[in-house]
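Note sheet for the following structure.
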Amino acid sequence: MRRIGIFAGAFDPIHKGHVSIMQNALSKSKVDEILLVPGGGQPYRTPIASPQQQREMIGLALRDVPHARIADEGLLKPGQNAIDTVRAIMRAYAGAEFTYIIGADKLAGLLHWPKAGRLFELCDLLIYPRAGYNAQELTLFALARGVRAQMLAVQPVNMSSSLVRTQIALLSDAREMILPEVARYIAQRGLYHPPYEAQLRPQMNPWRFAHTLGVRDLAVELAWHHHLPMQKAAVAALLHDCAKRMKLSQLQAIAHQYRLSENPEVLKSNALLHGKAGAVLAAVKYHIHDEDVLNAIRYHTTGRAHMSPLELCIYVADAAEAGRSDYPGLAEIRRLMWDSLPQAALVSMEGTRAYVASSGQGYSLDTEAAIRDLTRRTQQHQSA
Ligand SMILES: [Fe+2]
Ligand SMILES: [Fe+2]
0 MRRIGIFAGA FDPIHKGHVS IMQNALSKSK VDEILLVPGG GQPYRTPIAS
50 PQQQREMIGL ALRDVPHARI ADEGLLKPGQ NAIDTVRAIM RAYAGAEFTY
100 IIGADKLAGL LHWPKAGRLF ELCDLLIYPR AGYNAQELTL FALARGVRAQ
150 MLAVQPVNMS SSLVRTQIAL LSDAREMILP EVARYIAQRG LYHPPYEAQL
200 RPQMNPWRFA HTLGVRDLAV ELAWHHHLPM QKAAVAALLH DCAKRMKLSQ
250 LQAIAHQYRL SENPEVLKSN ALLHGKAGAV LAAVKYHIHD EDVLNAIRYH
300 TTGRAHMSPL ELCIYVADAA EAGRSDYPGL AEIRRLMWDS LPQAALVSME
350 GTRAYVASSG QGYSLDTEAA IRDLTRRTQQ HQSA
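Residue 41 in numbering that gives the first Met the number 0 sits at position 42 of the sequence shown, with consecutive numbering throughout.
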């Protein structure tokens with residue numbers, strides 16, 4: 000008889016611990032297939048990612064787990080508990096045997112649930128160890144209550160979705176806990192970090208806001224492609240123009256208070272000041288303390304010598320995001336950026352230098368230093 004494992008949980012987001020449990024349950028022949036039930040059996044918890052987003056992240060994570068799939072959405076009713084979920088699945092898969100896969104942490108609570116006996120009548124339990132819980136003792140306790148329970152003999156899972164969310168909010172990609180495709184999905188959609196998009200939207204005109212999202216989208220894709228931190232790229236991109244709408248007098252006041260520049264050419268130019276002032280706002284107003292992210296914001300207009308890969312990523316994403324109207328050099332920057340961020344940034348800066356020289360606008364010594372440095376770096380790269 001077909002043995003179906005029911006794996007219910009928030010999966011907000013799904014992490015490597017979940018994947019490992021499924022792979023083990025299948026490879027040790029505890030079940031023939033697994034049905035994931037996002038949100039199932041957790042009627043009182045408000046998800047942070049939308050149900051659709053949870054399902055999409057699960058879909059990405061299940062690519063490497065044959066015989067595991069997401070339960071049909073129609074089987075889930077809002078607010079239903081574990082028993083209702085299992086009954087709905089049993090009706091849909093009549094003739095199969097069912098095993099409820101559960102972590103030792105959840106089981107500890109479930110055993111004290113007055114209605115738990117009805118769940119245990121419906122299906123077996125497969126208990127997986129969690130760090131901080133004595134899974135063996137809990138399994139014996141369940142057996143003593145007449146529950147058909149067995150323990151999955153694997154290392155205790157020492158990660159959780161809440162830990163992943165905390166790491167994401169701290170600008171980590173949490174790569175040790177989530178699959179790269181899931182980390183990319185999270186960075187692309189701004190999940191689990193403060194709602195920067197909602198905070199920025201009222202402060203920007205529609206073009207600037209669309210540009211900001213465009214820079215975020217391209218920065219995450221470039222970070223993914225070049226193996227750079229995607230969360231940092233996403234947040235630096237979202238905040239890179241946070242000071243752009245300020246009046247020159249406001250930018251100058253910030254520049255004065257935080258001693259951003261003594262250079263009169265810089266102090267009279269919104270174009271040159273808004274990156275430096277934006278880094279101040281990012282730190283003070285948006286509580287960003289990562290130096291690399293702040294530098295990516297600070298130097299996104301001018302560049303500088305010795306730019307980090309993240310700084311180059313934001314610089315290039317700003318220059319080449321999909322919403323940019325065509326300008327001389329744009330096609331070349333878009334072609335180069337997938338091979339070499341320094342080369343793409345260099346082409347962009349040389350174009351800016353030519354434009355500024357022809358228009359008589361203020362020009363930064365930082366850009367001159369960046370061009371010299373990037374020229375040297377790309378020549379070394381080409382001769383290596
Ligand atoms: Fe800008
Ligand atoms: Fe920008």
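Ideal placement from N, C-alpha and C gives every residue a C-beta, glycine not left out.
As assigned by DSSP and simplified to three states, the class of residue i
i	result
Q149	strand
G302	coil
I82	helix
V279	helix
V156	strand
G108	helix
F10	coil
M336	coil
R164	helix
V355	helix
S248	helix
C241	coil
P341	helix
L178	coil
Y184	helix
C312	helix
L386	Nothing can be reported for residue 386, as the shown portion of the chain is limited to 0 through 383.
P205	helix
S49	coil
E220	helix
P263	helix
I287	coil
H255	helix
A91	helix
G274	helix
Per DSSP, the bridge partner or partners of residue i
i	result
Y127	G102
A70	A70 is not bridged to any residue.
I5	L34, Y99
Buried or exposed by the 16-neighbour rule on C-beta atoms within 10 Å, applied to residue i
i	result
Y43	In this predicted model, Y43 has a pLDDT of only 47, less than 50, meaning its place in the structure is not dependable; the value taken from the coordinates is given anyway. Exposed, because fewer than 16 other Cβ atoms sit within 10 Å of the Cβ of Y43.
D11	buried
V181	buried
Q79	buried
V283	exposed
G38	buried
Q154	exposed
A197	exposed
Q51	exposed
R397	The first residue shown for the chain is 0 and the last is 383, placing residue 397 beyond what the model contains.
A173	buried
L345	buried
P228	buried
D338	exposed
A134	buried
H210	buried
G189	buried
Q53	buried
For residue j and residue i, believed in contact at Cβ under 8 Å, the rounded distance
i	j	result
G274	R297	5 Å
A461	L217	Given a span of 0 to 383 for the chain in the structure shown, any question on residue 461 remains unanswerable.
L35	A70	6 Å
Y285	H299	About 15 Å separates the two Cβ atoms, so there is no contact after all.
A281	I287	4 Å
G277	H239	6 Å
A319	R333	5 Å
H66	L110	Not really, about 29 Å apart at Cβ, beyond 8 Å.
Cβ pair residue i, residue j closer than 9 Å
i	j	result
G302	T377	no
V214	S363	no
N269	L237	no
L121	M89	yes
I33	R1	no
L178	D325	no
A222	L169	no
P341	L293	no
A48	H17	no
R129	A103	yes
A232	C312	yes
F97	G8	no
M348	A369	yes
K15	E175	yes
L139	I101	no
A91	F119	no
S160	Q230	no
A87	K76	yes
Y191	R164	yes
L271	Q251	no
V156	Y127	yes
V219	Y195	no
Closer than 9 Å to chain C by CB, residue i
i	result
G274	Of the protein chains in the structure, only one exists, and it is not chain C.
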